[in-house]
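**Q** Next up is a structure, given as structure tokens.
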Amino acid sequence: MNQIRNFCIIAHIDHGKSTLADRFLEITGTVAKREMRAQILDKMDLERERGITIKLAPVRMNYKGIQLNLIDTPGHVDFSYEVSRSLQACEGAVLVIDATQGIQAQTLANVYLAVEANLRIIPALNKIDLPAADVPKVTKEVISLLGCKEDEIIAISAKTGQGVEKLLDTVIDKIDSPKGSIKAETRALIFDSFYDEYRGVVLYVRVFDGKVLKGSRIKMLATHATGEALEVGSLSPAMKPFTELSTGEIGYIVTNFRDTSEARVGDTVALTTQQPSALVGYKEVRPFVYAGFFPSSNEFYPQLKDAMDKLKLSDSALEFLPENSSVLGHGFRVGFLGLLHLDIVKERIEREFDISLIVTNPSTDYKIVLNDMEEKDIISASQLPPQNEIIEISEPWISGEIVAPKEYVGAVIQLISTSRGLQKNISYVDNQLALIKFEAPLANLLTDFYDKLKSQTSGYGSFSYELADYRPQDLVKVDFYIAGEIIEALSVICHRSESQALGRNVVEKLKNIIPRQNFKVSMQAAIGGKFIAREDLSAYRKDVTSGLYGGDVSRKKKVLAKQKKGKERLKRFGKVDLPPEAFTVLLKRD
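For what it's worth, the numbering used here labels the leading residue of the sequence shown as 5, then goes sequentially.
Spelled out as structure tokens, the structure:
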């Protein structure tokens with residue numbers, strides 16, 4: 005075990021984690037030069053196109069006689085649960101900081117996670133080859149954040165490979181080798197799992213005690229499922245089978261399970277012949293953004309169900325329930341960890357399964373207390389009971405951190421207060437960079453808070469958050485009527501003080517989206533029985549008198565009266581065809 009080092013790379017988005025992982029693989033000779041390509045550990049097409057890491061990726065390297073197990077992690081706040089899982093499987097972390105941007109919000113969030121997991125942190129300043137790099141300034145920021153010495157910070161360029169060998173040597177010197185006993189009862193922690201159509205559920209594990217042999221009978225301590233380890237091995241980066249995985253090693257186990265729910269992330273793998281105690285897992289990841297997914301035509305519902313089931317097997321954070329809508333038909337209410345997660349899942353369904361989707365406005369979940377003191381959780385506005393049956397509605401609040409240059413502090417505080425947020429504390433990382441801590445309702449940050457923050461801070465602001473608690477507020481349900489018919493999929497829950505502006509805003513946008521009909525269409529917003537906003541879409545006017553060639557005016561009047569009657573009848577029976585973009589009206593920027 006003295007010859008093993010387990011570590012991960014953590015950083016803010018775009019600070020160079022995956023590029024650094026590429027250089028590690030190249031320098032250690034794990035991947036042949038002819039097979040090298042940029043971001044080799046990002047296997048998904050979406051990851052490569054967007055230039056972001058979505059899934060953590062473990063890889064084993066050998067360098068100077070030492071076995072190095074590396075986990076490359078995502079940087080986006082929506083995928084921070086992937087980072088916390090990686091940290092549990094390691095003894096150390098390389099903290100990558102962009103020398104041109106300095107410390108950002110997600111850098112701080114990841115440092116807190118690493119300190120909480122009791123890991124050895126090795127700071128590395130990346131992108132020192134760029135003309136905009138300010139190494140002395142960022143070095144000071146890192147020293148004040150971590151309390152380390154200047155010579156402990158390693159300056160590197162992941163792109164050119166400068167300083168990367170020194171970083172690898174530091175990893176070997178500074179990070180502890182794994183603890184544990186090979187003679188103890190076998191315990192391995194599952195930090196990721198995915199479903200392979202041809203082989204079954206594949207587990208990524210870190211062995212803490214004992215060993216797992218190929219062909220051993222295994223059991224899960226939380227789900228009590230039992231199965232067989234059909235194959236064990238390491239990833240380099242392709243699967244490489246061995247006869248065993250022993251204490252301290254990170255690798256994979258191919259099982260004969262047919263469902264990832266039998267072997268959940270955070271569970272402990274043990275041998276069926278032994279009774280060890282379970283390892284400390286992870287806190288259950290809870291979605292807090294919900295949206296409706298409906299197929300564009302009802303005949304594709306079975307394909308959508310199949311697609312959701314398959315995605316769930318490789319994405320442990322995805323949750324969904326069947327949902328019905330009078331306008332959209334059968335679909336699902338799907339839970340996500342954030343808007344980027346929603347965007348990725350939507351794109352994967354459309355690409356991998358070729359299904360055209362209608363996605364409704366994203367919302368959060370709410371807790372309500374009814375008159376008989378019963379507590380309920382609801383995940384969409386359509387589930388809200390009538391107002392007279394409710395004592396209180398609580399909404400989720402987050403505690404967030406924004407890092408921005410100090411000249412933008414005023415603009416950031418104003419942005420927080422317009423989102424009904426409360427600014428808590430301002431501290432300074434150095435004489436240029438301010439750290440603003442605040443609390444705010446999650447619902448107000450869902451759509452364009454991040455975009456506004458970027459524009460208010462000229463692109464320099466960064467933002468990270470975590471769920472704090474649920475707080476009772478004066479919340480109301482705003483319903484939308486189109487041609488006198490309530491459209492449940494458009495209903496939203498919002499604060500009473502914002503309801504009027506929201507109602508007006510949405511009906512104005514609907515007026516621009518909904519095509520004109522042969523009859524007049526009214527769009528209204530209402531709270532309970534009281535209408536708070538209205539817009540009218542005028543009817544197409546057909547000139548029914550064009551065929552008349554003069555004569556008495558009463559002939560014209562007769563034809564126009566007949567047209568008016570027809571329009572009245574149409575208004576009663578006519579159906580308004582809603583285009584898909586009407587359901588994402590709240591996401592549309594002005």
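Don't be surprised by glycine CBs; every beta carbon is placed ideally from N, CA and C. The structure presented is a predicted model; accordingly, all values stated were derived computationally and were not measured.
Between which two residues does the beta strand (DSSP E) holding THR227 run?
**A** Indexing the sequence shown from 1 puts residue 227 at position 223. Looking at the DSSP string, THR227 is not in any beta strand (DSSP E), and its letter there is neither H nor E.
**Q** Tell me where the beta strand (DSSP E) around ILE179 begins and ends.
**A** Taking the sequence shown and counting its residues from 1, one reaches residue 179 at position 175. Element bounds for ILE179: n/a, residue is neither H nor E.
**Q** Considering Cα atoms alone, identify which of GLU169, CYS94, GLY20 and PHE442 is closest to LEU193.
**A** Against the sequence shown, residue 193 aligns to sequence position 189. Residue CYS94 is the option with its Cα nearest to LEU193.
**Q** Under a Cβ-count criterion, where at least 16 other Cβ atoms within 10 Å of its own Cβ denotes burial, should ALA226 be classed as buried or exposed?
**A** If you number the sequence shown from 1, residue 226 lands on position 222. Exposed, because fewer than 16 other Cβ atoms sit within 10 Å of the Cβ of ALA226.
**Q** To the nearest angstrom, report how far apart PHE28 and VAL100 are at their CA atoms.
**A** Your numbering for residue 28 matches position 24 in the sequence shown. Your numbering for residue 100 matches position 96 in the sequence shown. If you take the alpha carbons of PHE28 and VAL100, they lie about 14 angstroms apart.
**Q** Near PRO291, what residues of its chain come up, given a Cβ to Cβ distance below 7 angstroms and the 5 sequence neighbours on each side ignored?
**A** As a working note, residue 291 is residue 287 in the sequence shown. So the qualifying residues of the chain are ALA321, GLU323, GLY339, PHE340 and LEU341.
**Q** Would you mind sorting ILE395 into buried or exposed? The rule is 16 or more other CB atoms within 10 Å of its CB.
**A** Start at 1 with the first residue of the sequence shown, and residue 395 comes out as number 391. So ILE395 counts as exposed.
**Q** Under the rule that 16 or more other beta-carbon atoms within 10 Å means buried, what is ALA444, buried or exposed?
**A** Here the question's residue 444 lines up with position 440 in the sequence shown. By the 10 Å Cβ count, ALA444 comes out buried.
**Q** Can you give me the C-alpha to C-alpha distance between GLU351 and THR451, rounded to a whole angstrom?
**A** On the sequence shown, residue 351 is found 347 positions in, with the first residue counted as 1. On the sequence shown, residue 451 is found 447 positions in, with the first residue counted as 1. Their Cα atoms are separated by approximately 18 angstroms.
**Q** On the three-pair Cβ rule with 8 angstroms, is the region 464-482 touching the region 104-116?
**A** Enough Cβ pairs lie closer than 8 angstroms, so yes.
**Q** Between the Cα of GLU235 and those of HIS228, PRO245 and PRO241, spot the shortest distance and give me the residue it belongs to.
**A** For the purposes of this step, residue 235 is identified with residue 231 of the sequence shown, where counting begins at 1. The residue with the shortest Cα to Cα distance from GLU235 is PRO245.
**Q** Measure the alpha-carbon distance for GLY602 versus PRO299 and round it to whole angstroms.
**A** Look at the range of the chain in this structure, 5 to 594, and you will see that residue 602 is not part of it.
**Q** Provide the residue span of the beta strand (DSSP E) that contains VAL258, from first to last.
**A** For the purposes of this step, residue 258 is identified with residue 254 of the sequence shown, where counting begins at 1. 254-259 is the extent of the beta strand (DSSP E) around VAL258.
**Q** On the CB-based measure, 16 or more other CB atoms within 10 Å of its CB, does ARG203 come out buried or exposed?
**A** Here residue 203 refers to the residue found at position 199 when the sequence shown is read from its first residue. Its Cβ having fewer than 16 others within 10 Å, ARG203 is exposed.
**Q** Considering Cα atoms alone, identify which of GLU393, SER367 and PRO519 is closest to GLU379.
**A** The residue you call residue 379 lines up with position 375 of the sequence shown. The option with the nearest alpha carbon to GLU379 is GLU393.
**Q** In three-state DSSP terms, what is THR272?
**A** Stepping through the sequence shown from its first residue, residue 272 is reached at position 268. If DSSP states are grouped into helix, strand and coil, THR272 belongs with the strands.
**Q** Quick check on the burial criterion: 16 or more other C-beta atoms within 10 angstroms. Buried or exposed for ARG191?
**A** Looking up residue 191 in the sequence shown gives position 187. So ARG191 ends up on the buried side.
**Q** Measure the beta-carbon distance from ALA137 to CYS12 and round it to whole angstroms, keeping in mind my assumption that it falls under 8 angstroms.
**A** Counted from its first residue, the sequence shown places residue 137 at position 133. Counted from its first residue, the sequence shown places residue 12 at position 8. Rounded, the Cβ-Cβ distance is 24 angstroms, inconsistent with contact.
**Q** Buried or exposed for MET224, going by 16 or more other Cβ atoms inside 10 Å?
**A** Along the sequence shown, one-based indexing puts residue 224 at 220. Classification of MET224: buried, given that the 10 Å Cβ count is 16 or more.
**Q** Shortest alpha-carbon distance to TYR412 belongs to which of ASP434, TRP401 and ALA438?
**A** The residue given as residue 412 occupies position 408 in the sequence shown. Considering only alpha carbons, the answer is ALA438.
**Q** Are the region 302-316 and the region 242-257 in contact at 8 angstroms, needing three or more beta carbon pairs?
**A** No, the region 302-316 is not in contact with the region 242-257.
**Q** Measuring only the C-alpha atoms, how far is SER220 from ILE75?
**A** Stepping through the sequence shown from its first residue, residue 220 is reached at position 216. Stepping through the sequence shown from its first residue, residue 75 is reached at position 71. Looking at the two C-alpha atoms, the distance is approximately 26 angstroms.
**Q** Nearest-angstrom Cα distance between ILE125 and ALA118?
**A** As a working note, residue 125 is residue 121 in the sequence shown. As a working note, residue 118 is residue 114 in the sequence shown. Those two C-alpha atoms are separated by around 7 angstroms.
**Q** Closer than 8 angstroms by C-beta to THR368: which residues in its own chain qualify, once you throw out the five before and the five after it? Chain order, please.
**A** Within the sequence shown, the letter at position 364 stands for residue 368. Here the set comprises PHE292, VAL293, TYR294, GLU399, PRO400, LEU446, ALA447 and LEU450.
**Q** Are the region 382-389 and the region 357-374 touching by the rule of at least three beta carbon pairs closer than 8 angstroms?
**A** Enough Cβ pairs lie closer than 8 angstroms, so yes.
**Q** Measure the beta-carbon distance from GLU253 to VAL205 and round it to whole angstroms, keeping in mind my assumption that it falls under 8 angstroms.
**A** For the purposes of this step, residue 253 is taken as the residue at position 249 of the sequence shown. For the purposes of this step, residue 205 is taken as the residue at position 201 of the sequence shown. 20 angstroms between Cβ atoms; not a contact.
**Q** For ARG355, count the other beta carbons within 10 Å of its own beta carbon; 16 or more makes it buried, fewer makes it exposed. Which is it?
**A** Taking the first residue of the sequence shown as position 1, residue 355 is located at position 351. Result: exposed.
**Q** Just to confirm the assignment, what range does the alpha helix (DSSP H) spanning GLU354 have?
**A** Stepping through the sequence shown from its first residue, residue 354 is reached at position 350. GLU354 -> alpha helix (DSSP H) spans 343-356.
**Q** Just to confirm my understanding: we take TYR454, look at its own chain, exclude 5 residues before and 5 after, and list those with CB closer than 8 angstroms. What are they?
**A** Counting from one through the sequence shown, the residue named residue 454 turns up at place 450. PHE467.
**Q** Straight-line CA distance for THR32 to ILE359?
**A** To locate residue 32, count along the sequence shown from 1; it is residue 28. To locate residue 359, count along the sequence shown from 1; it is residue 355. Going from the Cα of THR32 to the Cα of ILE359 covers about 43 angstroms.
**Q** Can you tell which of ILE14, LEU150, LYS21 and TYR85 has the C-alpha that lies nearest to the C-alpha of ASN114?
**A** Here residue 114 is taken as the residue at index 110 of the sequence shown, counted from 1. Answer by Cα proximity: ILE14.
**Q** Quick one: what does DSSP say SER265 is sitting in, helix, strand or coil?
**A** Working through the sequence shown from its first residue, we reach residue 265 at position 261. Three-state result, SER265: helix.
**Q** Verify whether the separation of the beta carbon atoms of THR461 and VAL496 is less than 8 angstroms.
**A** Numbered from 1 along the sequence shown, position 457 holds the residue referred to as residue 461. Numbered from 1 along the sequence shown, position 492 holds the residue referred to as residue 496. Not closer than 8 angstroms, so no.
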